[in-house]
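Note sheet for the following structure.
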Amino acid sequence: MRAALPGLPRSFGRFAVHYRLLSESETATLPGGVAGLIGWEVRDDTGALVGGVRNALLDDVGEVRYLDVQLAEIIGARRVLLPIGLARVKPPAGVVELPGLTRADLEVLLETLPEYTGDAAAMTAEYERRLGAAWARELTDQDSLGAVRSSDPDVAGAAPAPPAAPPAPGAEQRP
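As structure tokens, then:
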């Protein structure tokens with residue numbers, strides 16, 4: 677069995693998940709305990725505004741799995757789903773950052789990324805497979821996998837950074 681790519685939900689191809697909208701949920705587990713995500717800005721790796729969060733999809737246990745993002749007109753003015761593990765949530769600023777992804781990356785991604793209508797029921801197993809394939813292709817085409825690896829607690833769903841190797845015996849240690 678293939679290991680999941682960091683940032684992508686582990687449910688791809690294994691079992692059906694019944695998603696619901698954050699805006700229609702009274703109980704949701706948001707990354708880092710933030711109060712809300714709807715209306716937040718979405719910024720790329722350079723800090724450029726690339727869209728805004730319209731909603732989020734929650735899984736069966738109430739955890740955010742995808743952000744419903746309205747992309748800016750300059751990119752294509754489409755609604756797309758962004759796996760939460762690829763985002764860095766910055767609560768004080770009300771910003772979602774996309775480490776390792778630029779506007780140019782998103783423009784290329786739009787060629788294969790299925791459009792989202794805002795209907796959680798549209799998230800079928802086939803739609804989720806296509807969505808996962810598009811994101812996986814983008815992540816492996818560029819060398820950005822390390823961008824979602826972090827020990828930073830603000831990186832929702834990211835795989836932890838590997839521990840630092842211990843110094844070699846007799847090696848000089850710096851503070």
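677 is the number of the first residue of the sequence shown in our numbering; add one for each residue after it. Heads up, the beta-carbon is just placed ideally off N, CA and C, and yes, glycines get one too.
With 16 other CB atoms within 10 Å as the buried threshold, where does Ile750 fall?
exposed
Run of the beta strand (DSSP E) containing Asp744, from where it starts to where it stops
740-747
Quick one, are the C-beta atoms of Val740 and Leu733 less than 9 angstroms apart?
yes
Is Arg754 helix, strand or coil by DSSP?
coil
Is it the case that the segment 798-812 contacts the segment 775-789, given that we only count it when at least three CB pairs across the two stretches are under 8 angstroms?
yes
Identify the residues that DSSP records as bridge partners of Pro759: which are they?
Tyr742
Distance, Leu697 Cα to Asn731 Cα
7 angstroms
Per the DSSP calculation, Glu773 is bridged to which residue(s)?
Arg719, Arg764
Cβ neighbour criterion (16 or more within 10 Å) applied to Glu804:
buried
Less than 9 angstroms separating the beta-carbons of Val693 and Leu713?
no
Which of the three DSSP states is assigned to Gly808 in this structure?
helix
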